[in-house]
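**Q**
Residue numbers (the working numbering): 2 to 77.
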């Protein structure tokens, strides 16, 4: 935590990093191409397994809603 506040730290391959106080602010600041790559990685990770914790579940659910149309019939 920085200044006693929890945050998400995103470290790029070039060493540059950014801090975000919320997951949604992190997603809003991502480049579209980066989000698409993240979605691809998350889908691959959870093809054969289920999320094991709240963070994994939140990530999968959030990206699913961003990239796929919800199946309204499946929710009824």
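All C-beta atoms in this analysis are idealised placements derived from N, C-alpha and C, irrespective of residue type, glycine included.
Whose C-beta lies closer than 6 Å to the C-beta of residue 64 among residues of the same chain, with five residues either side of it excluded?
**A** To locate residue 64, count along the chain shown from 1; it is residue 63. So the list reads 40 and 43, once near-sequence residues are dropped.
**Q** Name the residue from 46, 29 and 61 whose alpha carbon lies nearest to the alpha carbon of residue 21.
**A** What you label residue 21 is simply residue 20 of the chain shown in a count that begins at 1. Closest option to residue 21, Cα to Cα, is 29.
**Q** Measure the alpha-carbon distance for residue 69 versus residue 36 and round it to whole angstroms.
**A** On the chain shown, position 68 is the one that residue 69 refers to. On the chain shown, position 35 is the one that residue 36 refers to. Roughly 13 Å separates the two Cα atoms.
**Q** Report yes if the C-beta distance between residue 18 and residue 6 is below 8 Å; otherwise report no.
**A** If you number the chain shown from 1, residue 18 lands on position 17. If you number the chain shown from 1, residue 6 lands on position 5. Contact flag unset, no.
**Q** Among 61, 24 and 14, which one has its Cα closest to the Cα of residue 48?
**A** As a first step, residue 48 is located in the chain shown; it is residue number 47 there, counting from the start. Checking every option, the nearest Cα to that of residue 48 belongs to 61.
**Q** In angstroms with no decimal places, state the Cα-to-Cα distance between residue 56 and residue 24.
**A** One-based indexing of the chain shown puts residue 56 at position 55. One-based indexing of the chain shown puts residue 24 at position 23. Cα to Cα, residue 56 sits roughly 10 Å from residue 24.
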